[in-house]
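K.L.:
Every letter in the sequence shown is one number past the one before it in our numbering, and letter 271, counting from 1, is 271.
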Amino acid sequence: MAKPRGYCAGVDRAVQAVEKALEQYGAPIYVRKQIVHNTHVVKTLEERGAIFVEETEQVPEGAIVVFSAHGVSPAVHREAAQRGLKTIDATCPLVTKVHNEAKRFASQDYDILLIGHEGHEEVEGTAGEAPDHIQLVDGLAAVDSVKVKDPERLVWLSQTTLSVDETTETVTRLKERFPNLIDPPSDDICYATQNRQVAVKEIAAQAELVIVVGSENSSNSKRLVEVALDHGADASYLVDNASFIEDEWLDGVTTVGVTSGASVPDELVAGVLARLAEHGFDDVEEVHSVEENVRFALPHELRKNLRATAV
1 MAKPRGYCAG VDRAVQAVEK ALEQYGAPIY VRKQIVHNTH VVKTLEERGA
51 IFVEETEQVP EGAIVVFSAH GVSPAVHREA AQRGLKTIDA TCPLVTKVHN
101 EAKRFASQDY DILLIGHEGH EEVEGTAGEA PDHIQLVDGL AAVDSVKVKD
151 PERLVWLSQT TLSVDETTET VTRLKERFPN LIDPPSDDIC YATQNRQVAV
201 KEIAAQAELV IVVGSENSSN SKRLVEVALD HGADASYLVD NASFIEDEWL
251 DGVTTVGVTS GASVPDELVA GVLARLAEHG FDDVEEVHSV EENVRFALPH
301 ELRKNLRATA V
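Written out as C-alpha cells, the structure is:
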C-alpha cells in the first residue's frame, strides 16, 4: 500500500469549506461543480445539505455558493457578483498560483502554452484568466499544431494534476520547436500529484496488479493508473470503491499494490483492503516514499465569519 495516498491539502481544505459552511449557515449550501472529483465525497456532502450545480445561474439569487477546488474563471466571479451571491472560494492555493502566473505573463504580453486536458474544470478556470494569450496543449499529439505570435515571448504553464513524466515529454517536444520557451517560476504540477506518482512507481515495481481508488473524472487518479502500468505493473485498474473490484483480476496474482487519488477518503481504501483480505490478501505492507506535512488555511470568507461568531 502506497504512502502518501488519498487526501491532499487542497482537497481537505475544500471539503472542510463545505462542511464548515453547512455548520455555520445551515443547509442548503450550493456548490458549483463537484467540490472535488470523488463520487463518495459529493454524495456524503449532498446528504448533509449541499446542493451541487453545474453553473452559477442555477444558484438562487442571494444564496451562498462554494467554488470548487479546481478554480473558476473571472467571468464566473463576475456572474456571481451580478446575482448577489455570497461566495466562498475553495480553489486550491496551488491552482490559484497558476492563475496568478497566467495573469502576470499575459500582462507582459507573453503567449502562454497551457498543458492540460481539454474540458477539465481547472483548465477552463486558468484559461479564463487570459483567454487572448492562452493556448491549450493537450499532450504530445497537440505540440505540432501550436502556433504563436512571437516565439521569443513564450511561456508554458500546466494543469496541476498531470503525469509528471508525460508533461516533461510534452515540454521537451515544445522546446524542440520553440527553443526560447520559458519555464514557469516554480513547478505547476502540485506536490501531492507528484508524490503519489513517486509512491505508485515504487509499488508498481513490486506488484503484478495495482488498484487505484478514485473516481473516473479524477485526473490525478487516472494518471496513477497510467504511471503504474508504465513502471512495472502487469495490470492496473481505477475503482470508485471495493464493489468495483472484479474477482478475475486477482487470478494468478501474488502481490497487489493499492493507492488512491488525492480526492479519496481513507475509508474507501479501507474497504478495498477488506475486499482483498477476503481473497487472501491480508498481509498489508505500507511503503513510505515521501513525507507530507502541507496544510492550507480555510478560505478567508469562512475564517472571517468563524472569527466573528467566536466573538
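Every residue gets a Cβ at the ideal spot worked out from N, C-alpha and C, and that includes glycine. The model shown is predicted, which means the values in this text are computed figures rather than measured ones.
Assess, as a yes-or-no matter, whether the segment 147 to 156 is touched by the segment 207 to 222 under the definition of 3 or more beta carbon pairs within less than 8 Å.
P.N.:
Result no; under three Cβ-Cβ pairs closer than 8 Å.
K.L.:
Could you give the uninterrupted runs of the beta strand (DSSP E) lying entirely in the segment 127 to 166, keeping only those of 3 residues or more?
P.N.:
Here the runs fully enclosed are 134 to 137 and 154 to 158.
K.L.:
Please report the residue range of the alpha helix (DSSP H) in which Arg13 lies.
P.N.:
It spans Ala9 to Tyr25 - the alpha helix (DSSP H) in which Arg13 sits, taken as one unbroken run.
K.L.:
Looking at the structure shown, is Asp260 part of a helix, part of a strand, or coil, going by DSSP?
P.N.:
Here residue 260 is Ser; the residue named in the question, Asp, does not match the sequence. Here Ser260 sits in strand by DSSP.
K.L.:
Just the Cα atoms here: how many angstroms apart are Glu169 and Asn293?
P.N.:
Between Glu169 and Asn293, the C-alpha separation is close to 29 Å.
K.L.:
May I have the straight-line CA-CA distance separating Asp111 from Thr126, to the nearest angstrom?
P.N.:
Distance between the alpha carbons of Asp111 and Thr126 is about 14 Å.
K.L.:
Could you please give the first and the last residue of the uninterrupted alpha helix (DSSP H) stretch that includes Ser219?
P.N.:
Per DSSP, Ser219 belongs to the alpha helix (DSSP H) from Ser219 to Asp230.
K.L.:
Taking 9 Å as the cut-off, decide whether the C-beta atoms of Leu85 and Val137 are in contact.
P.N.:
Not a contact, by the Cβ cut-off of 9 Å.
K.L.:
Is the separation between the beta-carbon of His117 and that of Gly139 shorter than 9 Å?
P.N.:
Yes. Within cutoff.
K.L.:
Residues in the same chain with beta-carbon distance under 7 Å from Leu276, minus the five sequence neighbours each way, listed in chain order, please.
P.N.:
So the qualifying residues of the chain are Val256.
K.L.:
Out of Ser158, Thr172 and Lys201, which has the shortest C-alpha to C-alpha gap to Asp144?
P.N.:
Answer by Cα proximity: Thr172.
K.L.:
Less than 9 Å between the C-beta atoms of Asp12 and Phe296, yes or no?
P.N.:
Yes, they are a contact pair.
K.L.:
Alpha carbon to alpha carbon, how far is Val198 from Arg104? Give it in angstroms, no decimals.
P.N.:
C-alpha separation (whole angstroms): 31 Å.
K.L.:
Mind checking Val18: buried by the 16 CB within 10 Å criterion, or exposed?
P.N.:
Val18 comes out buried.
K.L.:
Would you be able to state if there are at least three C-beta pairs under 8 Å between the segment 17 to 37 and the segment 67 to 79?
P.N.:
Enough Cβ pairs lie closer than 8 Å, so yes.
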